[in-house]
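Below is one structure; the comments refer to it alone.
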Amino acid sequence: MKPVVVVGIGDDGCLGLSARAANAVAQAQVLVGGKRHLEFFPQFSGERLSFSAGIGPTLERVAELSHENQVCVLASGDPLFFGIGAQVARKVGAEHVEFIPHPSSVQLAFGRIGVSWDDAEIISVHGRPREGLCTRLRLLSKVALLTDGENTPPVLARHLLEYGERGFTAWVCESLGNPEERVRPFSLEALAECTDIGPLNVLVLVRTDPSWRPPPRLSFLHEDSFAKRMPKKGLITKREVRLLSLAQLEIRHDSVVWDIGAGSGSVGIEAALLAPRGRVYAIEVDPEGVALCKENALSHGVDNLRVIAGRAPEALEGLEAPDAIFVGGSKGSMRDIIDVAFSRLREGGRLVVNAITLDNVAEAYSALKAHGVTPEVTLLNVSRGEPLAHYLRYEAQNPIHIFAATRPAAAKGDES
39 MKPVVVVGIG DDGCLGLSAR AANAVAQAQV LVGGKRHLEF FPQFSGERLS FSAGIGPTLE
99 RVAELSHENQ VCVLASGDPL FFGIGAQVAR KVGAEHVEFI PHPSSVQLAF GRIGVSWDDA
159 EIISVHGRPR EGLCTRLRLL SKVALLTDGE NTPPVLARHL LEYGERGFTA WVCESLGNPE
219 ERVRPFSLEA LAECTDIGPL NVLVLVRTDP SWRPPPRLSF LHEDSFAKRM PKKGLITKRE
279 VRLLSLAQLE IRHDSVVWDI GAGSGSVGIE AALLAPRGRV YAIEVDPEGV ALCKENALSH
339 GVDNLRVIAG RAPEALEGLE APDAIFVGGS KGSMRDIIDV AFSRLREGGR LVVNAITLDN
399 VAEAYSALKA HGVTPEVTLL NVSRGEPLAH YLRYEAQNPI HIFAATRPAA AKGDES
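Residues in the sequence shown are numbered consecutively from 39, following my numbering.
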């Protein structure tokens, strides 16, 4: 065996170990694991190390002891599946580590409910925020969720219901492999009210409608799909403009996006749908607009959009660096916003500015030129067919300038 062997173990303890895994424990001089795992081996007479002292210091000690000792590390299920295996390999060196996996909790969960999982997505909210969960789920028909004491199955069910997700059967699989194992199906409504779920569980969500198909990634929603300020209904980005602006932003699945002057949040919501593993910050100064952004995020099932109440550029302070920035409104601060945008935008990131008035067009262009950037500029004139008696006529929308620019890489030695 290699100096360090990482053995996967289930809730049935040593009874579920293969002969190879049991042999690794028997030959070890040092046994490492959590308190619960170490208690499965009261007969072990060598040195014991518990992760209760902290994972970092414990792995430092494992690396030291492995020079002269055979070390066995116990880990839940498959150590390389959301487990400690990768950390052990980094600390000790992958060439010095051997892995003996046990079936993971997700494998056991799908086995218990008798559902194939080759097309399932696995999402961990164990020690992680649940932000973005609903946005990701809208594209999935089958998912296993690894939970924790804060993101419990009832808490997750309430979160999904808040954002309008209802079409799932929820299987709660508790203490898998343990004599107290329990597997129960729920509706999301029933799960939200449940109070007797144990801490060790996997939550499996399966769509109830067999004909369900994922929605398009870019939904091209009509502006009437969003709640908006009345009677100033023109203060929302029209869908043709939104489509071209979003394409120019080059949003990826994990992008961080700023939507400055968010208004009703239409661009930010579409951006959030394009970045289910990312985050969108919708910055809006008008209190009515702030409320509408939140309302629209809920009604469209988007939970990876954070609404920031305040005026740009001051409200941008402290936000994480973006991969893409959309400026839909400036309140007279266009130059200052572009200055801050270019200072905070990641290298290679995209800035897109919509400008309707000639004043904003001139200011946006001069501000971008001041940063040494010649923007791509599109003047978009859109006319829509509108009924007139028994005929169809065209109704022109406001023309709009779309400025798009990429932040160039800093010159070598440039500290700015």
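By construction, the Cβ of each residue, glycine as well, lies at the ideal position given by its N, Cα and C atoms.
To the nearest angstrom, how far is it from the Cα of residue i to the Cα of residue j?
i      : j      : result
Gly54  : Phe79  : 13 Å
Arg204 : Leu226 : 7 Å
His428 : Ile438 : 31 Å
Gln145 : Ala57  : 21 Å
Thr96  : Glu102 : 10 Å
Glu85  : Ala124 : 23 Å
Ile346 : Arg422 : 33 Å
Lys271 : Arg431 : Its pLDDT being 48, under 50, Lys271 is placed unreliably by the model, and nothing is read from it.
Pro141 : Trp296 : 42 Å
Ile138 : Asp116 : 8 Å
Ile458 : Pro446 : Any question about residue 458 goes unanswered here, given that the chain covers just 39 to 454.
Gly51  : His75  : 7 Å
Ser454 : Phe380 : Confidence at Ser454 is low in this model, with a pLDDT of 47, below 50, so its placement is unreliable and no value can be given for it.
Lys276 : Gly72  : 56 Å
Lys129 : Glu98  : 7 Å
Leu330 : Gly370 : 22 Å
Gln81  : Ala208 : 40 Å
Phe364 : Glu424 : 30 Å
Ala434 : Leu357 : 38 Å
Leu199 : Glu322 : 26 Å
His134 : Val68  : 15 Å
Arg251 : Val221 : 27 Å
Considering only the beta carbon of each residue, do residue i and residue j sit closer than 8 Å?
i      : j      : result
Ser283 : Ala362 : no
Gly303 : Ala320 : yes
Gly170 : Pro314 : yes
Val153 : Cys110 : no
Gly366 : Leu343 : no
Leu229 : Pro192 : yes
Ala350 : Ile394 : no
Pro41  : Ser143 : no
Val242 : Ala335 : no
His338 : Gly316 : no
Could you spell out the range, first to last residue, of the beta strand (DSSP E) harbouring residue i?
i      : result
Gly149 : No beta strand (DSSP E) holds Gly149; the alpha helix (DSSP H) holding it covers 143-151.
Glu85  : 85-88
Val378 : Premise fails: Val378 lies in the alpha helix (DSSP H), 372-382, not in any beta strand (DSSP E).
Gly423 : 421-426
Val8   : This structure cannot speak to residue 8, because the chain is shown only from 39 to 454.
Asp397 : Here Asp397 belongs to no beta strand (DSSP E); instead the alpha helix (DSSP H) covers 396-408.
Thr444 : 438-444
Cys110 : 109-114
Arg431 : 429-434
Val135 : 135-138
Arg220 : 220-225
Going by alpha carbons, who is nearest to residue i out of the options?
i      : options                        : result
Ala285 : Pro191, Ala265, Glu308, Val411 : Glu308
Lys407 : Cys232, Thr444, Ala335, Gly348 : Thr444
Ala353 : Asn334, Arg431, Val378, Glu85  : Val378
Ser162 : His134, Arg196, Gly121         : Gly121
Asp186 : Lys332, Arg168, Leu198, Leu229 : Arg168
Tyr403 : Glu433, Phe441, Arg382, Asn419 : Phe441
Ala66  : Gly72, Glu133, Val43, Ile47    : Val43
Val70  : Asp156, Ile93, Arg174, Gly48   : Ile93
Thr416 : Glu188, Lys369, Val126, Arg280 : Arg280
Asp247 : Ala127, Thr173, Arg373, Ser179 : Ser179
Pro223 : Leu175, Ile151, Arg166, Leu312 : Ile151
Lys266 : Val328, Asn189, Val390         : Val328
Asn189 : Arg176, Arg174, Arg166         : Arg166
Ala59  : Arg220, Glu136, Leu198, Pro413 : Glu136
Cys232 : Leu194, Gly202, Gly149         : Leu194
Grab the span of the alpha helix (DSSP H) containing residue i for me, first residue to last.
i      : result
Tyr201 : Premise fails: Tyr201 is in no alpha helix (DSSP H) and is neither H nor E.
Thr96  : 93-103
Ile307 : 304-312
Pro325 : 325-337
Arg74  : 73-76
Under 8 Å, with one C-beta from each stretch per pair, do the stretch 227-247 and the stretch 210-218 reach the 3-pair mark?
yes
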